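Asker: Below are the structure tokens for one structure; questions will follow.
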Ligand code: G1P
Ligand code: ZN
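This is the structure we're talking about:
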């Protein structure tokens, strides 16, 4: 079967953001739009010809259509073999796991992560390379450049592939293996954690848990691992069937969007443990009874306790966190005498450190935690880590975190998002702050003194590549910080993220409400950045 060459012209704006190319479905569905981007992947990744590619997505609207397009184009571009998840389903961490396990040349993930799905909502596409991690900035830039000059793409004239039937089929000379999306991932989890101990915890009587899959991709994974393999009671997995529109909700595991689960964890009769994951399964939220674990604290707690897990029993080599993530993990690293890295926002910046063996654990404040077992953040992995921890330490979530604070001090932390603000106003705010920076160090802001103010720039310790303009940092004496940056994943206007942190070493002051504890810093940030004047907003859209 000969490839068909289709003439095309470039689309503006196909530059991948923090995590791949994300646009509205109707943008992706216009003729040639997805095709141009996919061809740019094949044109810039020559090793895919003759190689193996993993393909799958989070089941959102347009997932199946996109997979059919990609399969035809992969065959036309000489890919030898594709592994595709049954029903087109693969979580982001499962794609990473498959790429690594089967030594494929890469993978394509179809997802817009935690953004809503549906005909009027978001879609996305992301390429992961042979390490299993998101493509580096130089690779995504090369793809973007290609999209700006593209004049043709290759496809095959052939019928749709049956994605629901496990087994192997041919498209031209290319073999397509429709695989169980869960099996390899579940086996990896079983190799890292003490399933017998978790099973015993579930059987001990009195321990109650809930997992909210938010009608997104982790439903089948959580069902197999938590209910089938670990014996959690039926019904533990809530909203477990992936739906193209995620049931009309935001598949975003945070206090604003996982309210049903939050409510179940409250009060004397509340669940002992609650967890949720996002659209593509790489995020996690951890709750105890009447207790929310901030993702920054979660990373620090996991790091301090990693040696209790079978997969990490020899200890961890180093930790990395994204710049806006709280500095709680830094204190653990310091106490353990291991390296701690501060990277720009986005999982791709952890890849080199993981590949070089400099770090074992990494995480972001945005509900992302992971380790060197794959090259993506991993929602269910974090959930299993916590369950294993509860089983071993025989304490509640709140007790474990409370002990951690007593040992290391508490980093009060919050993120205020101003979503869909006017892009020009947001840009002017950033510009205004940058202009203030030279005169800030040494200045008093309320009760605080500015230690430093800079535009975060990162030099990768492994390949020396430099990433500039990664967010504005205002460091205050005593460990408090204000960080501002614009989102790189939004699809409407601009989203301003304001990250606020303070450090409290005194255990008698560890029980304050987070927003109250941070109130003076919140006011300072609003005034300094002139948020109301430049965005017209008096309050954030989402507080986490
Ligand atoms: C957001 C998060 C970031 C995460 C990314 C992909 O990006 O803040 O930590 O890596 O989603 O899940 P942002 O919209 O802030 O650019
Ligand atoms: Zn995600």
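Numbering (this note's numbering), first residue to last: 11 to 554. The beta-carbon is built from N, C-alpha and C at its ideal position, and this holds for glycine as well. The structure presented is a predicted model; accordingly, all values stated were derived computationally and were not measured.
Could you tell me how far apart the beta carbons of residue 91 and residue 237 are, in whole angstroms, since I believe they sit closer than 8 Å?
Answerer: That belief does not hold up - the Cβ atoms of residue 91 and residue 237 are roughly 32 Å apart, past 8 Å.
Asker: Taking 6 Å as the line, does the beta carbon of residue 121 fall inside it for any heavy atom of the ligand GTP?
Answerer: The ligand GTP is not among the ligands present in this structure, which contains only the ligand G1P and the ligand ZN.
Asker: Taking only runs that begin and end inside the region 145-180, name each unbroken alpha helix (DSSP H) of 4 or more residues, in chain order.
Answerer: Runs of the alpha helix (DSSP H) inside the region 145-180: 147-157.
Asker: Taking 6 Å as the cut-off, is the CB of residue 499 close to at least one heavy atom of the ligand G1P?
Answerer: At least one heavy atom of the ligand G1P is nearer than 6 Å to the Cβ of residue 499, so yes.
Asker: Contact between the region 83-99 and the region 130-139 is defined here as three or more beta-carbon pairs at a separation below 8 Å; is this criterion met?
Answerer: No, the region 83-99 does not touch the region 130-139.
Asker: Return yes when the C-beta of residue 123 is under 6 Å from any heavy atom of the ligand G1P, and no when it is not.
Answerer: Under cutoff, so the answer is yes.
Asker: Over the uninterrupted beta strand (DSSP E) stretch that includes residue 49, give me the two end residues.
Answerer: Premise fails: residue 49 lies in the alpha helix (DSSP H), 43-54, not in any beta strand (DSSP E).
Asker: Would you report the Cα separation of residue 325 and residue 174, rounded to the nearest angstrom?
Answerer: Between residue 325 and residue 174, the C-alpha separation is close to 42 Å.
Asker: Assess contact between the region 425-442 and the region 539-550, defined as three or more Cβ pairs (one per stretch) separated by less than 8 Å. Is contact present?
Answerer: Counting Cβ pairs under 8 Å, three or more are found: they touch.
Asker: So, helix, strand or coil for residue 333, using DSSP?
Answerer: If DSSP states are grouped into helix, strand and coil, residue 333 belongs with coil.
Asker: Cutting at 8 Å between CB atoms, please list the residues of its own chain near residue 451, excluding the five before and the five after it.
Answerer: Correct list, in chain order: 460, 461, 462 and 463.
Asker: Any chance the region 99-116 sits against the region 237-246, with 3 or more Cβ pairs inside 8 Å?
Answerer: Taking 8 Å as the limit for Cβ pairs, the verdict is that the region 237-246 does not touch the region 99-116.
Asker: With 7 Å as the threshold, decide whether the Cβ of residue 139 is near any Cβ in chain D.
Answerer: Chain labels in this structure do not include chain D; a single protein chain is all it has.
Asker: For the beta strand (DSSP E) that contains residue 138, what are its first and last residues?
Answerer: Element bounds for residue 138: 132-138.
Asker: Give me the Cα-Cα distance between residue 103 and residue 159, rounded to the nearest whole angstrom.
Answerer: One C-alpha to the other measures close to 32 Å.
Asker: Nearest CA to the CA of residue 349: which residue from 358, 355, 475 and 339?
Answerer: Minimum Cα distance to residue 349 is reached at 339.
Asker: Just list the residues that DSSP pairs residue 118 with in beta bridges.
Answerer: Looking at the DSSP assignment, residue 118 forms a beta bridge with 65 and 137.
Asker: Taking the C-alpha atoms as reference points, what is the distance between residue 378 and residue 12?
Answerer: Distance between the alpha carbons of residue 378 and residue 12 is about 44 Å.
Asker: Once the 5 residues before and after residue 178 are set aside, which same chain residues still bring their CB inside 8 Å of it?
Answerer: 185, 186, 187 and 188.
Asker: With DSSP collapsed to three states, give me the class of residue 287.
Answerer: Strand.
Asker: Specify whether the region 64-81 and the region 199-210 touch according to this definition: at least 3 beta carbon pairs, one from each stretch, less than 8 Å apart.
Answerer: Verdict: no, contact absent.
Asker: Is residue 374 close to the ligand G1P? I mean its beta-carbon at under 6 Å from any heavy atom of the ligand.
Answerer: True, at least one ligand heavy atom lies under 6 Å from that Cβ.
Asker: Could you say which of 387, 383, 32 and 105 lies nearest to residue 131 if we only look at CA atoms?
Answerer: Per the Cα distances, 32.
Asker: Taking the alpha carbon of residue 383 as the reference point, which residue from 56, 392 and 49 has its own alpha carbon closest?
Answerer: Considering only alpha carbons, the answer is 392.
Asker: In chain order, what residues of the same chain have a beta carbon less than 6 Å from the beta carbon of residue 225, not counting five sequence neighbours either side?
Answerer: Here the set comprises 249, 253, 256 and 257.
Asker: Tell me whether the beta-carbon of residue 418 lies closer than 7 Å to the beta-carbon of residue 341.
Answerer: Going by C-beta atoms, residue 418 is nearer than 7 Å to residue 341.
Asker: Can you tell me the Cα-Cα spacing of residue 446 and residue 490, whole angstroms?
Answerer: Taking the straight line joining both Cα atoms gives about 19 Å.
Asker: Is the closest heavy atom of the ligand G1P to the C-beta of residue 157 under 6 Å?
Answerer: No, the ligand G1P has no heavy atom inside 6 Å of this Cβ.
Asker: Within the present structure, is the beta-carbon of residue 427 separated from the nearest heavy atom of the ligand ZN by less than 6 Å?
Answerer: No; taking the cut-off as 6 Å, the Cβ of residue 427 has no heavy atom of the ligand ZN nearer than that.
Asker: Helix, strand or coil for residue 323, going by three-state DSSP, please let me know.
Answerer: Reduced to three states, the DSSP call for residue 323 is coil.
Asker: Just the Cα atoms here: how many angstroms apart are residue 172 and residue 69?
Answerer: Approximately 15 Å, taken between the alpha carbons.
Asker: Terminal residues of the continuous alpha helix (DSSP H) containing residue 445?
Answerer: Run containing residue 445: 433-446, per the alpha helix (DSSP H) assignment.
Asker: Run the CB neighbour count on residue 123, radius 10 Å, all protein chains shown included, and call it buried at 16 or more, exposed below.
Answerer: Buried is the call here.
Asker: Determine the direct distance from the alpha carbon of residue 72 to that of residue 38, and round the result to whole angstroms.
Answerer: Roughly 9 Å between the two C-alpha positions.
Asker: Once you ignore the five residues that flank residue 128 on each side, which residues in its own chain have a CB closer than 6 Å to its CB?
Answerer: So the list reads 71 and 255, once near-sequence residues are dropped.
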